[in-house]
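There are 2 protein chains.
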Amino acid sequence: MNESHDREIIGGKLLVIGGAEDKYNERRILKKFLKLSGGEKAEVLIVPVASDFPEFAADVYTQAFRNLGVANPRVLRATSRQDVFQADPDELLDGVTGVFMTGGDQMRLVSLLGGTKFAEKLRHMVRESPIVLAGTSAGAAGMSTSMIVRGESTSHPQKDSVRLSPGLGFLKNIIIDQHFTERGRISRLITAVSYNPYNLGVGIDENTAIILDGQGVLEVYGQGAATIVDGSQISYNEIAEVGDHESFSVCGVQLHVLRDGLFYQYRDRHPLQPRQEFLLPDIG
Amino acid sequence: MNESHDREIIGGKLLVIGGAEDKYNERRILKKFLKLSGGEKAEVLIVPVASDFPEFAADVYTQAFRNLGVANPRVLRATSRQDVFQADPDELLDGVTGVFMTGGDQMRLVSLLGGTKFAEKLRHMVRESPIVLAGTSAGAAGMSTSMIVRGESTSHPQKDSVRLSPGLGFLKNIIIDQHFTERGRISRLITAVSYNPYNLGVGIDENTAIILDGQGVLEVYGQGAATIVDGSQISYNEIAEVGDHESFSVCGVQLHVLRDGLFYQYRDRHPLQPRQEFLLPDIG
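Those protein sequences? They're chains W and P, same order as listed. The first sequence lines up with residues 1 to 284 when you count with the working numbering. The second sequence lines up with residues 1 to 284 when you count with the working numbering.
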């Protein structure tokens, strides 16, 4: 792969969580989020707008972060676009070092935040500052430019088995799927990548995260695995030939199953082995 | 891949079915079996010994083949090794053009037939004559040299998630898994291949078959797909490092999802595209 991929995430980091991260016991991922966000000096904003019960989600994470030493997490309280328009982006975001987007429905997340001044300021901060943007489940899916909205599990790769929709665009050419092996989503991620193999598919398990440092390297962190579906070597792809809802053949998909502590170069598209020497800035 | 793989299947053909093939309506796979076995002149032996209810399985297939024009299918009636020892291999197999092994438990199939004169004669016939050996579900799994006995579905690749046991050995370096996408078995097949990437993994869906012509080419036939898991490019494999029941990382797995009418060279390990020119003997 010498193809040059779109670049984004320059100064900040993304913490993309496959859902169901531990909030009460070991809490490795939430602790990692806070460590990356500045440790004891972390200023956190919770964005619970994807949730059906945003007040409840806000309370759960407020308590979780308080238990880990964050005095006063901020919350974006919004159940409509009007609420987001009326919120003051500066008041919410100035001084913030970590933003956490909860689970729920990625379509709600994106339709409430997309094109607002809040989203614009957040994107600017991720590009220009060392802020950490975390998202879990729907909050993870919504980070992609091409976001998986819904799809059937455990079926074959099937033309319409998965629907894509424009996401918030923090991950330029990476499609995220979550609850990945728990819900048997390999076929739908292969389908999503087959639509346009320019996109890299990353399926993240529950209580597991990938950390993207903005320099082209992602690290796997947590209990499960990240499954990378790289379609750049696809040599045969029937997706354009078959009818809606029909299954299709696809040859030459490359698959990497990466666990805690392994790295992947998502621009050059190759895994880095633990013992392999490479220059990587300390990412926490 | 220039590695030369063990060779077997010389004169005969294998029809390896992912289970649940249609026996009452379109019956594409059973018809294909009979066509490959000589059409109207087919002499069929049913081997129902994998089944918990071998008499019932024998009746189902006897009726199915009669409905398709086979006057008197033979049946290997055996519920113990003693029964197999006492059966006359010549009487059962002489003149037979197609053998059909039913589903059930592959461990029962192999432990009843392995090392018997019947199995020896059958192996000889597959090597030396144009006989067709078909197996569905357990009858498919049992054809491998390394046979999947049991394994968990939908989990991550996990060291002990799948157990291998010696099979009947018709497929020298191919591990077969069946009911493949229906039961979400991709992780266990990746695990089985990771044990020794010399083996090629082939996961076959229900009502779907692969036809191996003995010349190194397999064809996919039927309703679903055959998923090829090729580990020959695996660049990193933790399976030897982790403890029992632990998940592991593995990088560089190649995946091909092939549907009806597609071909794969299982010795050279590359898919053949439908329009690609290649010299293939007519396989029916």
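C-beta atoms are modelled at their ideal positions from N, C-alpha and C, and glycine is treated no differently. Given the structure is predicted, the values throughout are model-derived calculations rather than measurements.
Query                                                                                                                                       : Result
Gly103 of chain P and Ser37 of chain P closer than 8 Å at C-beta                                                                            : no
Counterpart residues of Gln82 of chain W in DSSP-defined beta bridges                                                                       : Answer is none; Gln82 of chain W lacks a bridge partner.
Ile204 of chain W and Phe180 of chain W closer than 8 Å at C-beta                                                                           : yes
Presumed contact (8 Å Cβ cut-off) between Val229 of chain P and Val250 of chain P, rounded CB distance                                      : The pair is not a contact, with the Cβ atoms about 10 Å apart (cut-off 8 Å).
Contacts around Leu92 of chain W, its chain only, beta-carbon distance under 8 Å, and the 5 residues preceding and following it disregarded : Leu45, Arg74, Leu76, Phe118
Inter-residue Cα distance where the pair is Met107 of chain P and Arg150 of chain P                                                         : 10 Å
Burial state of Asp213 of chain W (16 or more Cβ within 10 Å)                                                                               : buried
Local Cβ density within 10 Å of Asn199 of chain W, reported as buried at 16 or more and exposed below that                                  : buried
Span separating the alpha-carbon of Asp105 of chain W from that of Ala141 of chain W                                                        : 9 Å
Length of the line joining the Cα atoms of Asp83 of chain W and Thr116 of chain W                                                           : 11 Å
Residues within the stretch 244-277 of chain W neighbouring chain P, beta-carbon criterion of under 8 Å                                     : Ser247, Phe248, Ser249, Val250, Cys251, Gly252, Val253, Gln254, Leu255, His256, Val257, Leu258, Arg259, Leu262, Pro271, Gln273
Limits of the beta strand (DSSP E) - the one that Asp94 of chain W falls within                                                             : Neither: Asp94 of chain W is in no beta strand (DSSP E) and is coded neither H nor E.
Inter-stretch contact at 8 Å, needing at least 3 Cβ pairs: the stretch 226-242 of chain W / the stretch 60-70 of chain W                    : no
Close-in-space but distant-in-sequence residues of the same chain around Pro130 of chain W (CB under 8 Å, 5 per side omitted)               : Gly11, Gly12, Lys13, Thr97
Min CB distance Gly114 of chain P to chain W below 8 Å                                                                                      : no
Same chain, Cβ closer than 6 Å to Glu43 of chain W, neighbours up to 5 away in sequence not counted                                         : Gly95, Val96, Thr97
Euclidean distance between Cα positions of Glu182 of chain W and Glu26 of chain W                                                           : 20 Å
Nearest neighbour of Ala78 of chain W, chosen from W:Ala71, W:Met101, W:Asn72, W:Val49 [CA to CA]                                           : W:Val49
Per-residue burial, Tyr24 of chain W [other beta carbons within 10 Å of its own, 16 or more giving buried]                                  : exposed
Spatially closest choice to Gly39 of chain W from W:Leu68, W:Gly18, W:Phe53, W:Glu55, by CA coordinates                                     : W:Leu68
Short Cβ contact (8 Å threshold) for Gly19 of chain P with Gln178 of chain P                                                                : yes
CB of Ala138 of chain W within 8 Å of CB of Leu109 of chain W, strictly                                                                     : yes
Span of the beta strand (DSSP E) around Pro48 of chain P                                                                                    : Careful: Pro48 of chain P lies outside any beta strand (DSSP E) and carries neither H nor E.
Beta-carbon spacing of Met147 of chain W, Pro166 of chain W below 8 Å                                                                       : yes
Range covered by the beta strand (DSSP E) that runs through Lys13 of chain P                                                                : 13-17
Burial state of Lys32 of chain P (16 or more Cβ within 10 Å)                                                                                : buried
Rounded separation between Ile29 of chain W and Ile210 of chain W - CA only                                                                 : 10 Å
Cut-off 6 Å between Cβ atoms - residues of its own chain near Thr208 of chain W, not counting five sequence neighbours on either side       : Gly18, Gly222, Gln223, Gly224
Residue nearest to Arg259 of chain P in terms of C-alpha spacing, selected from P:Val162, P:Leu218, P:Ile190, P:Lys41                       : P:Leu218
Closer than 9 Å at the beta carbon, the chain W residues around Ala240 of chain P                                                           : Within 9 Å Cβ-Cβ: nothing; Ala240 of chain P doesn't reach chain W, min ~14 Å.
Beta carbon proximity, Thr154 of chain P to chain W, threshold 8 Å                                                                          : In this prediction, Thr154 of chain P scores a pLDDT of 49, lower than 50, which makes its location untrustworthy; no coordinate-derived value is stated.
Ile210 of chain W - partner residues in DSSP beta bridges                                                                                   : W:Val16, W:Val220
Sequence-distant residues of the same chain with beta carbon closer than 7 Å to Pro197 of chain P, five excluded per side                   : Gly231, Ser232, Ile234
Backbone CA spacing between Ala192 of chain P and Leu34 of chain W [nearest angstrom]                                                       : 39 Å
Ser129 of chain P: contacting residues in chain W (beta-carbon distance under 9 Å)                                                          : Within chain W, no residue comes near Ser129 of chain P; the closest Cβ sits about 33 Å away, beyond 9 Å.
Gly151 of chain W at chain P interface by Cβ criterion, 8 Å                                                                                 : no
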